[in-house]
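Chemist:
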Amino acid sequence: MSFISLKGLVQNSKLLSGILTPAAKVYANAAAYRQIGLRYDDLLAEESEIVQEAISRLEKAEPREAYDRAYRIRVAQQCSLTQSILPKAQWVTPEADKRYLQPYIDEVAAEFAERDAFDNIKVVPRH
Numbered sequence: 001m002s003f004i005s006l007k008g009l010v011q012n013s014k015l016l017s018g019i020l021t022p023a024a025k026v027y028a029n030a031a032a033y034r035q036i037g038l039r040y041d042d043l044l045a046e047e048s049e050i051v052q053e054a055i056s057r058l059e060k061a062e063p064r065e066a067y068d069r070a071y072r073i074r075v076a077q078q079c080s081l082t083q084s085i086l087p088k089a090q091w092v093t094p095e096a097d098k099r100y101l102q103p104y105i106d107e108v109a110a111e112f113a114e115r116d117a118f119d120n121i122k123v124v125p126r127h
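In structure tokens:
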């Protein structure tokens with residue numbers, strides 16, 4: 001599972017970061033996930049094997065963060081059910097919206113890629 005990342009290119013270019021950073025902030029505010037108490041990593045699809053393994057590692061390494069994640073998801077489900085948003089004091093601020101699951105996802109993705117590389121090794125017999 002490899003993909004091309006433009007993160008370094010955008011961060012190193014003043015022009016691209018000057019254009020895309022404000023657009024990303026506007027998009028994050030328009031998505032309104034922070035208004036129902038969620039962080040960005042709470043939105044990741046749990047159907048992926050990589051994300052499932054990352055969540056299980058999060059539960060072992062940082063049980064409080066895993067508990068907080070489950071609580072945020074329950075609060076968001078309740079907001080969705082009642083078709084309401086949280087009071088402004090309970091919104092997640094951009095400073096608090098940190099990628100807590102991403103290090104685990106990167107670690108698991110690297111392990112899966114390494115496993116795939118070893119599974120696809122072609123053995124050449126020496127005669």
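With my numbering as the guide, the letters of the sequence shown map in order to residues 1 to 127. Just so it is clear, CB atoms sit at the ideal spot from N, CA and C, and this is done for glycine as well. Just so it is clear, the structure is predicted and the values come from calculations on it, not from any experiment.
(1) Okay, do the stretch 96-109 and the stretch 41-52 touch, 3+ Cβ pairs below 8 Å being the bar?
(2) According to DSSP, simplified to helix, strand and coil, what is THR93?
(3) Can you check which of these residues, SER5, GLY37, LEU9 and LYS14, is closest to GLN78 by C-alpha distance?
(4) Is TYR33 helix, strand or coil by DSSP?
(5) If we count the other Cβ atoms within 10 Å of its Cβ and call it buried at 16 or more, is ALA54 buried or exposed?
(6) Looking at TRP91: is its Cβ nearer than 8 Å to the Cβ of GLN11?
(7) Distance cutoff 8 Å, beta carbons only. Does TYR40 sit that close to anything in chain B?
(8) Would you kindly work out how many angstroms separate the C-alpha atoms of VAL26 and PRO94, rounded to a whole number?
Modeler: In terms of the structure at hand:
(1) Cβ pair count under 8 Å is three or more, so yes.
(2) The count along the sequence shown starts at 1 and reaches residue 93 at position 93. Three-state result, THR93: coil.
(3) Sequence index remark: in the sequence shown, residue 78 carries index 78 (1-based). It is GLY37.
(4) In the sequence shown, the residue the question calls residue 33 occupies position 33. Reduced to three states, the DSSP call for TYR33 is coil.
(5) Taking the sequence shown and counting its residues from 1, the one referred to as residue 54 is at position 54. Under this definition ALA54 is a buried residue.
(6) On the sequence shown, position 91 is the one that residue 91 refers to. On the sequence shown, position 11 is the one that residue 11 refers to. No, Cβ-Cβ distance for TRP91 and GLN11 is not below 8 Å.
(7) Judged by its chain identifiers, the structure shown contains no chain B, having just a single protein chain.
(8) As a working note, residue 26 is residue 26 in the sequence shown. As a working note, residue 94 is residue 94 in the sequence shown. Taking the straight line from one Cα to the other gives about 11 Å.
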